[in-house]
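**Q** Protein chains in written order, with the numbering used here: chain A, 1 to 304; chain B, 1 to 348; chain C, 1 to 285; chain D, 1 to 543.
Cβ coordinates follow ideal geometry from the N, Cα and C atoms, glycine included.
What you are looking at is a predicted structure, and each value in this text was computed from that prediction instead of being measured.
One structure, pasted below without further comment.
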Amino acid sequence: MLLVLVGVSILTFLLLFLTPGDPAETILRQQMGGRTPSLEAIEQFRQSEGLNRPIPIQYVDWVTDVLQGNLRESYYQETPVSTLIINRIPATLELAVAGMAVALTIAIPTGIISAVHKGKAPDYLSQFAALVGVSMPNFWLGYILIIVFSLQLGLFPVAGVGGLESLVLPAITLGSGMAAIVTRLVRSSMLEVLDEEYIDTARSKGLRERIVIYKHALRNALIPVVTIVGLQFGYLLNGAVIVEIVFQRPGLGALLIDAIFARDYPVVQGLVLVIAVIFVLTNFAVDLTYRYIDPRISFGGESA
Amino acid sequence: MSETLLEVEDLHTRFATREGTVHAVEGVSFSVDRGEIVGVVGESGSGKSVTARSLIRLEDPGYIERGSVRFDGIEMTDADDRTIRRVRGDGMAMVFQDPMETLNPVFSIGEQIVESIKVHESPEKQGLLDYLNVPLFSSRGKRSQMRQRAIDLMSEVGIPHPETRVSAYPHEFSGGMRQRAMLAIALAREPDLLVADEPTTALDVTIQAEILQRIRDLNEELDMAVLMITHDLGVVAELCDKVVVMYGGQVMEEGPVEDVLTNPKHPYTESLLGCMPQTCARGEPLNVIEGRVPSMVGEPTGCPFASRCWCSSESCTSGELPTEQVGDDHTSRCHHVEELSESMEAEQ
Amino acid sequence: MKNSRRLGRFLSNRLNVVGLLFVSVVVLSAIFAPVIAPEGPNEQDLFNRLDSPSAEHPMGTDQLGRDVLSRLLYGARISLQISLAVVAITLAIGTAVGLVAGYAGGWVDEALMRFVDVLLAFPGILLALVIAGILGPNLTNIMIALAVVGWTQYARIIRGSVLSVKQEEFVKAAQLMGVPRRRIVLRHILPNVVTPVIVLATMDMAYVILGTAGLSFLGLGAQPPTPEWGTMLSQGRNFVDTAWWVVNFPGLAIMITVLGFNLLGDGLRDVLDPRDMGDVENKGM
Amino acid sequence: MEDSITRRTLLGAVGAGGFVSIAGCAGDSGDGGGNDDPYSSETKTGDGSSTDNNSSSGNNSTATGGSANVALSMDPTEGVWQVYGGVSPYYTNILEPLIWVSEEMKLEPWLATDWEATSDTTWEFTLRDSVKFHNGEDLVAEHVVWSFEQVLNEWSYAPGWLHVESGSVTAIDETTVEFETSDPFPTFPGTIAHNMIAIQHPDRSRENTEPIGTGPYQVEQRTQGQHVRTSGFDDYWNGTPSLDELTFSVITDPNTRALSLQNGDVDVAFDPPKSRVEKLDSNGGTNVTTQLSPGAVYVGCNIYKAPMDDPKLRQALNYATSQSDLVETILSNIGVPAKGPVAESIFWSAHEKLPAYEQDTEKAKQLVEESSYDGEALQFHLSNQQVDGELLAQALQQWYDEIGVNVDIQVTEEASFEDTVRSGEPHLILESSGTNSGAADYLIYETFHSEGDVNERLYNEEGTGIYNLGEEVDQLIQAGFQTGDQAEKEQKYEQALQRIMEEAVVVPINYSEYIVAASDGVSSMDLRPIPEMTRWTGLQTGQ
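Shown next as structure tokens:
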């Protein structure tokens, strides 16, 4: 994992150098409110930001700062990147959790129904619905939801952050795509489990079908689902960018977009790094959860 | 005394597959008396496992085409779910072949036994939340009581240190121990009939003997009838009172064990006996479900064994098989019973 | 014989047929756009802006009075071109890396796979977004970004397959007999990975179209006046309730195409040996 | 004050695009200072919807209480506003500058009642009496000095922009402040008539994000990136704010702003998409007001890049363009067809006198024939921030195509757009100009003078530039820039603009208007040409 993190940091750092042309002038011009910086000012900026030095040294400097918790300062916001990110995390986290909740609420029952009625109408219907869910560009869905639920029915605000009501539509928009993926997953996992011998054992005990499915089958079926759902956290972050733009939620995604367009490299780098680290850590956490829900995998085993 | 507990009559179980309808069980009839141990013997794919599953209505994805399974006066083939559950909960328990796969890996052994006890105690009242052990919905006092019962059952089936092992998970058990646990799960329901589907096939020989011994003991102590499904005539010889020989989804021969084994009245039984000690390779897993029994696709005609039978004649390839009474409670379904007896006598 | 049975099985699932139908419609639209389209994709009529659907303009006109239907038909070309290009590139890179890693083994394998791990540590579209954003908005850059992100899964499948085939006796035997490595690889390994790769590539077509739409929405898309669906949808968003045809037809076009490829991929997965798909998932860190 | 009337007030100058905001505040003009307003007269007021602000915001008698929510496209909590305690003076009226800008683009005495140039480089400002800060303290000269020091130290470009170094602002007495500019800078008052140069109390806290200003509304709650909630400040010097509570919400997407208004989530929405104006206006419940700003949109031709160096080609492009068609269709009749690159509302724009290139496709074709153009694709660049830019560019592309000129459109993100322009790479550039302050001379200087911001780099390095016609125009602009005499300024600039249009350095498109949509209950919105200077003191909500 450490190796991956090192790789992540290198890659993140190198992103800056993808920029066509000289970032210094772009940055300075914006810092100066649009005025063309003098060549001396550009040179001075390069000096002070260490942009003249060999890339490996710049990288080491950067990593040293990062390890001390210093993600540097935004070029334009005059705020430490870490502060910017921390300020934005709640909105995104809230959205991601709500989106995940929506996804699971839709996906688990649908997946189960689909699996239990395999090959019958409910199965086809939910499979098709799930595919429609993944196939819709989510910003389109977002606008449709706004039109229907906000403008026509007046149930929810169009945009912004606030109480639960402003979370509903974004969460549905974000969750639907994910729901589709999870539904398919639950279905196939459930089908696999329902074929297992221990399901027959459970039935042979005289257990109700409900208990067989929701206790014996589901618990096993959820094991791979948890893994993939955890790995899908990244999918949520992908989607969050767009949902945050559609619903004007000031989260990490919106920050990233702004930073990319403004060429605010410290913010872009900081965000990409933080997101990747969150992603890697999530996967790690998923691993731990996996161990918890699947007793066959013992704790304290190797984790390389 | 010999009261009939289970009566199977003309049972047909089929599977619809892409290749066609598989006639896995084709007109099987036999009976089990209270306290009796009956063996069902046959090769992989002979339909014996499907028969066993059909008895407790676990034939899915197959379906019972016709015939009857009467257990303790209850007609299983058209019973509703509730009745079926009640029978499963305290009449007929089943132990499956591969203990590595029949225990739910994510619940402790104790939990799985306790469930069985719960069902037995109140088969009608099965609250999902109770079974999921959601705190407010399941009584703790009762749970620890059942846990104690589970520990007792575990020691009854010969699991050492049951107090500590009750909270162990299946993967922490050896194969033999798992099969014992399965046995405990079955016994928790105090069944009248234990259907054991090749319970020892996947186990080492020594453990196999222990388990069989345990089953015999239970049979004696609890007066529990056993239907032993096996491909191993040795097991039958050792354990059973009566044997049913199956091939191609049909009963070939049925009778008291001693009679059938020493004096087989069917060519198939005979060839089985011929390969008995060593050549009968142990358990390739039987897989009727996926339709890998191509020989049983389509309407069967004549004797299923005809193509491999050394004494088959034209009459064997078509028409109904006769059921010949060949001794007390001993029947054989062969056109050539007469000749067979003669030739065998000649050999001797 | 086997193939015709597979075809039969494929067609027996109605969802597969729907998928095939959708994809065919899109492909045919792309090919015959100039024949079918009532107008050129960029023919403006400023004084007939935002006309609702009519006989003349079955899907109405857009902000510049262009025929929405014509733009959608030509847009099918763009979408297919982009996704084919990205899939081809990812496939090429992924195959090359997978073969090298799997066959060479040792530190080469280790290094390549670590690199794959690093790329996988970024949520795909986000990384694509950053790359495309930094490179600047246009379709080429979107394709580059999506390709950078997309090749890793192919590399993994192919590497895995190489590793397992390498263990097979006949490959060892071939090696002992002095058959050149290249031949072994081509003869024995490629046929083994064709199935999962075909399925993955089909699904990837869907993924790329959706990804392009998302990036276009964020303003990284095609340069005007390219009739790219994502851009059309994104620029039509001001009209969600005033001129629904400007937004919803491109939305539907994207959905139908993506749905088509997804259904097709599913169908192919079911029909081609499902067992081959087992190891597609990545296996932790 | 009727609302819901489309108000075409042709006023003074001010910026359309927020992103140009501070851009032009440079320049070293030689205009006379004092209370004298350089942009007086020549303005007509469309309807009487405005109030005289010195007295008016004091609609005190009608103070009604209530609350309103205003949706802005900009984020007033951005980090750059930390110097003011984390809330922007743009739009919010929380903090105020010494000088405001009136409806007519006149300098309006605000926290300063009077100012005069005491020498070429010194200015004396007299402060208003009994202005109270939100913390109850009176405004004194020291506060002004402190506020300027903050700005000068905070923003590296501020000293160059204001021509004032740190340490050269001094308090002469309680109510008099002296500024010493680093060089003669006649447009100093106009330059600091800018929201960004606001006066604040030294007790304001950066850490706790507590701004302390003198405005009619004070900050109650600030949520980063989302909204700023303010309450009326009863001791406001210029009337009593009518609302108890006024909230500014950040909704960056224009369409979402409009939808939020339609949905009743907000009461006022700035800059909804033009395409929604009709709907918002005809809708029950909402209405739309438009206000001319000092902005202009035009296509700039890079006259040093072949084939754009051929005036015939540039003229052809002008003849191919119909400004009125663009305004009527794509711009939904919002804005005014332009004849030059400087907004008509700026008194020296010379709009009346500039030649008009009426659309004449045949003539255009002929000019293309005669020109050195031989079919190559011209690179037409624009910023992704340019409102309606892509539509305008595509419409132009079609017209140019009709006269046989190929154009490739390149939309780039704002950050690199300016770089690209100054590199001289594009042939055609969609430009938009404007100002956020009371000064506007830079609009012509920075764009068309060889040493102006756009041309400077290439001019110095290669002796070329982008839009600079050369010596003659440079001299005219220089003369206009330096004169204190308005008639002369007008004359010199007019001559320069005449040359610019004759040579067809630009293809004018439109002079900008901005749009504010509001729910029907909202009245007494006091819009200014500079939208950021909208006054909220008298705002009423119907409910």
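#1: Can you tell me the Cβ-Cβ gap for residue 82 of chain C and residue 208 of chain C, rounded? I've got them flagged as a contact below 8 Å.
#2: Determine, for residue 122 of chain A, whether the minimum Cβ-Cβ distance to residues of chain C falls below 8 Å.
#3: Alpha carbon to alpha carbon, how far is residue 14 of chain B from residue 249 of chain B?
#4: Can you tell me whether DSSP reads residue 86 of chain B as helix, strand or coil?
#5: Between the C-alpha atoms of residue 142 of chain C and residue 24 of chain A, what's the straight-line distance to the nearest angstrom?
#6: Taking the alpha-carbon of residue 184 of chain D as reference, which of D:141, D:120, D:124 has the nearest alpha-carbon?
#7: According to DSSP, simplified to helix, strand and coil, what is residue 510 of chain D?
#8: Using a threshold of 7 Å, is the CB atom of residue 265 of chain D nearer than that to any non-hydrogen atom of the ligand NAP?
#9: Would you kindly report the start and end of the unbroken alpha helix (DSSP H) that includes residue 71 of chain C?
#10: Are the C-beta of residue 405 of chain D and some C-beta of chain C separated by less than 8 Å?
#11: Taking only the alpha-carbon atoms, compute the straight-line gap between residue 285 of chain C and residue 148 of chain C and give it to the nearest angstrom.
#12: Given a cut-off of 8 Å, decide if residue 8 of chain B and residue 228 of chain B are closer than it, judged by their beta-carbon atoms.
#13: Below 8 Å, can you find three or more Cβ-Cβ pairs linking the region 120–135 of chain C to the region 203–223 of chain C?
#14: Note down, one range per segment and in chain order, each alpha helix (DSSP H) of at least 4 residues found wholly within the region 459–533 of chain D.
#15: Select from the region 211–243 of chain C all residues with a C-beta closer than 8 Å to any C-beta belonging to chain A, and list them in chain order.
#16: So the alpha helix (DSSP H) residue 120 of chain B belongs to, where does it begin and stop?
#17: So, using beta-carbon positions, are residue 158 of chain D and residue 99 of chain D closer together than 8 Å?
#18: With respect to the beta strand (DSSP E) encompassing residue 236 of chain B, which residues constitute its N-terminal and C-terminal limits?
#19: Give me the Cα-Cα distance between residue 33 of chain B and residue 182 of chain B, rounded to the nearest whole angstrom.
#20: Which chain D residues are close to residue 171 of chain A, counting only those with a beta carbon under 7 Å from its beta carbon?
#21: Among C:121, C:243, C:210, C:238, which one has its Cα closest to the Cα of residue 230 of chain C?
#22: Exposed or buried, residue 237 of chain C, counting other C-beta atoms within 10 Å across all chains shown (16 or more means buried)?
#23: Are the Cβ atoms of residue 542 of chain D and residue 526 of chain D separated by less than 8 Å?
#24: DSSP three-state label for residue 235 of chain C, please.
#25: Applying the criterion that 16 or more other CB atoms from any shown protein chain within 10 Å of the CB defines a buried residue, is residue 17 of chain A buried or exposed?
#26: Mapping DSSP to helix, strand and coil, what is residue 323 of chain D?
#27: For residue 15 of chain B, which beta-bridge partners are listed by DSSP?
#28: How would you write the range of the beta strand (DSSP E) that residue 109 of chain D sits in, first residue to last?
#29: Ordered along the chain, which non-local residues of its own chain (more than five positions away) have a Cβ less than 7 Å from that of residue 61 of chain A?
#30: Exposed or buried, what is residue 42 of chain C when buried is set at 16 or more other beta-carbons lying within 10 Å of its beta-carbon?
#31: Pull up the distance between the alpha-carbon of residue 419 of chain D and that of residue 48 of chain A, whole angstroms please.
#32: Less than 8 Å between C-beta atoms, sequence neighbours within five positions excluded: which residues of the same chain meet that for residue 128 of chain A?
#33: Contact between the region 19–36 of chain C and the region 64–78 of chain C: three or more CB pairs below 8 Å?
#34: Report yes or no: do the region 117–127 of chain C and the region 1–14 of chain A share at least 3 C-beta pairs separated by less than 8 Å?
#35: Where do the ends of the beta strand (DSSP E) carrying residue 232 of chain D lie?
#36: Whose Cβ in chain A lies nearer than 8 Å to the Cβ of residue 91 of chain D?
**A** By the coordinates alone:
#1: About 6 Å separates the two Cβ atoms, so the contact holds.
#2: Not closer than 8 Å to any Cβ of chain C, the Cβ of residue 122 of chain A fails to qualify, so no.
#3: C-alpha separation (whole angstroms): 10 Å.
#4: The three-state reading of DSSP puts residue 86 of chain B in helix, counting H, G and I together.
#5: So the two alpha carbons sit approximately 24 Å from each other.
#6: For residue 184 of chain D, the closest C-alpha among the options D:141, D:120, D:124 is that of D:120.
#7: Three-state DSSP puts residue 510 of chain D in a strand.
#8: Because no ligand of any kind appears in the structure shown, any question about the ligand NAP cannot be addressed here.
#9: DSSP places residue 71 of chain C in the uninterrupted alpha helix (DSSP H) bounded by 68–104.
#10: Residue contact with chain C for residue 405 of chain D: absent (no Cβ-Cβ distance below 8 Å to any residue of chain C).
#11: Any reading at residue 285 of chain C must be qualified, since the residue scores a pLDDT of 25, below 50, and its modelled position is unreliable; no value is offered.
#12: For residue 228 of chain B and residue 8 of chain B, no; Cβs fall outside 8 Å.
#13: Contact holds: three or more Cβ-Cβ distances are below 8 Å.
#14: Fully enclosed alpha helix (DSSP H) runs of 4 or longer: 471–482, 486–502.
#15: Listed in sequence order: 213, 214, 217, 218, 219, 230, 233, 234, 237, 240, 241.
#16: Element bounds for residue 120 of chain B: 109–121.
#17: At a Cβ-Cβ threshold of 8 Å, residue 158 of chain D and residue 99 of chain D do not count as neighbours.
#18: Here residue 236 of chain B belongs to no beta strand (DSSP E); instead the alpha helix (DSSP H) covers 233–239.
#19: For residue 33 of chain B and residue 182 of chain B, the distance between alpha carbons rounds to 23 Å.
#20: Contact note: residue 171 of chain A does not reach chain D at a C-beta cutoff of 7 Å; the least C-beta distance is about 17 Å.
#21: Of the listed residues, the one whose Cα sits closest to residue 230 of chain C is C:210.
#22: It is buried - the Cβ of residue 237 of chain C has at least 16 other Cβ atoms within 10 Å.
#23: Here residue 542 of chain D is not near residue 526 of chain D, since their CB atoms are 8 Å or more apart.
#24: DSSP places residue 235 of chain C in helix when its eight states are reduced to three.
#25: Residue 17 of chain A counts as exposed, since fewer than 16 other C-beta atoms from the protein chains shown sit within 10 angstroms of its C-beta.
#26: Three-state result, residue 323 of chain D: helix.
#27: The bridge partners DSSP lists for residue 15 of chain B are B:22.
#28: If you look at residue 109 of chain D, you'll find it in the beta strand (DSSP E) that goes 107–109.
#29: Counting only Cβ-Cβ distances below 7 Å, and skipping sequence neighbours, we find 50.
#30: Buried, because 16 or more other Cβ atoms sit within 10 Å of the Cβ of residue 42 of chain C.
#31: Roughly 21 Å between the two C-alpha positions.
#32: Excluding positions up to five away in sequence, the list is empty.
#33: They touch, by the three-pair rule.
#34: Yes, the region 117–127 of chain C is in contact with the region 1–14 of chain A.
#35: Here the beta strand (DSSP E) through residue 232 of chain D covers 227–232.
#36: Neighbours of residue 91 of chain D on chain A: none; closest Cβ ~17 Å, over 8 Å.
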